[in-house]
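S.K.: Here's a structure for you.
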Amino acid sequence: MRIGGMGSGMDTEYMLQQIMKAERMPLDRLHQQKQVLEWKQEDYRELNSQMFAFRNTVNDMTRRSNMMQRATSSTNENVATASATRDAQDGHYRVKADKLAERSHAQSDVMGIEEGQSLDEVKLSETNFMEEGFEGTVTINGAEIEVSSETTVEEFITAVNESDANVQMFYDSGQDRLFLSSNDTGEGEITISLDGQPISGVNEADKFFSVRPGNDAEVQINGFTLNPSENEFAFGGVNYSITETGETTVNVGLDHDNMYEQIENFVEEYNKLLLNTNEKLKEPIHRDYPPLTDTQKEQLSDREIEQWEELSRTGHLRNDAILNQSVHSLRRATSERMEGEFDSLSAIGITTGDYREGGILHIDETKLREAIESDPEGVFELFSGNENSDGIVKGINDSLTNSMDRIGHRAGRGEGIDRTSYIGRSLRDIDNRIDRMEDRLERVEERHWKQFTAMEKALYEMHSQGNWLHQQLVGM
């Protein structure tokens, strides 16, 4: 049992709090060290993630399918539009669409449904489609639908649309007819039978359903005659979409804008990575603003905590050796000279500016576009390499991979708990020291309480004896 101030009259609990506050100072320092390491790890990992993303961007520039995309245009987009695949050949393609691919359609005779009647109440046997008492199978394009005279028109339409007939059916009250349309275009016709007896036909007046067959398209491309079953089709590495009959010319060539945009994106991401890394290297250290302890936070407002941590959070990677090496190797990689028509980034209009900018790249748009238009293959090889040179990308990739590996060894890879990197092992060691120190502080606090309690008991007994003696003397 803990006794506070009973015999001495002192606030022993407050005194013990002050004693333990002093005892906890080494523990607070450990928590502050841990916070600094966690911030440092977070900063490393953010840069590592950015390097990873930039490396993916850089590697995309070695892919011909990404950099050397084809662009298409049509002189009459009302007739046809097109898109080119990687297999398309540059050139002009004369397109003459004589006929569009069409679906097969069918329509019934007059059903005899009165205006205003609900289809979910009208039975097939109450229409001209089916006789009273019929029970059997309606077959549409080989798909069998079981019906009877009790089947309603609504049920029949739903069953057809959900079947494998590959058609869509609907009823039009204005025409009082059923209409069907094939889901696919192309040559062929809708076939309908009732218990095996055909009830559909083309130009057959005695059939309940009259059918208009579907047909393939008729298209000529540079003199070649094609009969695709759909109005969207591929030919010679070009995807065509025909929308009406007529003539047009489809032009296929390198997408210069795409190549420019890929290079522009590369420069933007490179500059962003370089600026962020240089910012971390130059961040000021505020040594007078260490991480706040829990006790200190209790004495501050949320705004004061935020302002304090804005200062204590920065500068933990200032002049960091790994980041310094990363910046130098990246800048060296982008300034390398290669073998080829264009031997450097500066040859296509990409240069560094004032030295105070820290090495960020600038694009001369006119010069870069001229290089792309005059020799796109040479521009591509500057990045991807050729038989005589590795290309710019190889050096950048090696630089990024080396920096990411070093950061991984220092701070771990990805998110979550890491116990194998240098910082991860340091955090584990601090956690163990914190656990041991908290156990020790519990024992120290308990010992102090026992000492105070013993003191209070002794003082209480002494006061009690003094009071007894005083009473004895007074009674003499």
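If you're matching positions, the sequence shown starts at 179 in this note's numbering and goes up one per residue. We put the beta carbon where it would ideally sit given N, CA and C, even for glycine.
For glutamate 365, which option in Ser378, Val380, Gln477, Asp394 has the closest C-alpha, if you only look at C-alpha atoms?
M.R.: Cα-wise, what sits closest to glutamate 365 is Asp394.
S.K.: Tyrosine 533: buried (16+ other C-beta within 10 angstroms of its C-beta) or exposed?
M.R.: It counts as exposed.
S.K.: Can you check DSSP and say which residues form a bridge with valine 571?
M.R.: Beta-bridge pairing links valine 571 to no other residue.
S.K.: Are glycine 518 and leucine 560 close, meaning C-beta to C-beta below 9 Å?
M.R.: The answer is yes: Cβ separation under 9 Å.
S.K.: Among the residues of its own chain, which have a CB less than 6 Å from the CB of glutamine 398, if the five just before and after it don't count?
M.R.: For glutamine 398, where only same-chain residues beyond five positions count, the Cβ hits under 6 Å are Lys274.
S.K.: I need the DSSP call for alanine 258, collapsed to helix, strand or coil.
M.R.: Reduced to three states, the DSSP call for alanine 258 is strand.
S.K.: Where in the segment 337 to 363 do unbroken runs of the beta strand (DSSP E), each at least 3 residues long, occur, reported from the N-terminal end onward?
M.R.: Segments of the beta strand (DSSP E) lying fully in the segment 337 to 363: 345 to 350, 355 to 363.
S.K.: Round the Cβ separation of serine 359 and glutamine 346 to the nearest angstrom and send it over; I've been treating them as touching at under 8 Å.
M.R.: So it is a contact: roughly 5 Å between Cβ atoms.
S.K.: Considering only C-alpha positions, which residue in the set Asn237, Glu224, Lys212 is nearest to serine 562?
M.R.: Minimum Cα distance to serine 562 is reached at Asn237.
S.K.: The alpha helix (DSSP H) with phenylalanine 387 in it runs from where to where?
M.R.: No alpha helix (DSSP H) holds phenylalanine 387; the beta strand (DSSP E) holding it covers 387 to 390.
S.K.: Determine the contact status of isoleucine 538 and tyrosine 448, defining contact as a CB-CB distance below 9 Å.
M.R.: Yes, they are a contact pair.
S.K.: When DSSP labels each residue in this structure, what does glutamine 440 get in the three-state scheme?
M.R.: Three-state DSSP puts glutamine 440 in a helix.
S.K.: With 16 other CB atoms within 10 Å as the buried threshold, where does arginine 281 fall?
M.R.: Per the 10 Å Cβ criterion, buried.
S.K.: Rank Gly314, Met615, Tyr600, Gly269 by C-alpha distance to the C-alpha of aspartate 583 and give the top, closest one.
M.R.: Checking every option, the nearest Cα to that of aspartate 583 belongs to Tyr600.
S.K.: In this structure, how does DSSP classify serine 599 when only helix, strand and coil are distinguished?
M.R.: In this structure, serine 599 counts as coil in the three-state DSSP scheme.
S.K.: I'd like the span of the alpha helix (DSSP H) that includes threonine 471, first residue to last.
M.R.: No alpha helix (DSSP H) holds threonine 471; DSSP gives it neither H nor E.
S.K.: What separation, rounded to the nearest whole angstrom, lies between the Cα atoms of arginine 390 and histidine 283?
M.R.: Looking at the two C-alpha atoms, the distance is approximately 5 Å.
S.K.: Excluding the 5 residues preceding and the 5 following leucine 404 in the sequence, name in chain order all residues of the same chain whose CB lies nearer than 6 Å to its CB.
M.R.: The residues are Val397.
S.K.: What is the residue span of the alpha helix (DSSP H) that glycine 556 lies within?
M.R.: Counting along the chain, the alpha helix (DSSP H) containing glycine 556 begins and ends at 554 to 562.
S.K.: For glutamate 328, tell me which candidate among Glu304, Glu551, Ala499 has the shortest Cα-Cα distance.
M.R.: Checking every option, the nearest Cα to that of glutamate 328 belongs to Glu304.
S.K.: Is asparagine 417 helix, strand or coil by DSSP?
M.R.: Correct three-state label for asparagine 417: strand.
S.K.: Quick check for students: name the residue ranges of the alpha helix (DSSP H) that lie wholly in the segment 208 to 255, counting only runs of 4 or more.
M.R.: Listed in chain order, they are 242 to 245.
S.K.: Would you kindly check if the distance between the Cβ of leucine 459 and the Cβ of methionine 246 is under 9 Å?
M.R.: Result no, Cβ atoms of methionine 246 and leucine 459 do not sit closer than 9 Å.
S.K.: Skipping 5 residues on each side, what residues in its chain have a beta carbon closer than 6 Å to that of asparagine 456?
M.R.: Gly536.
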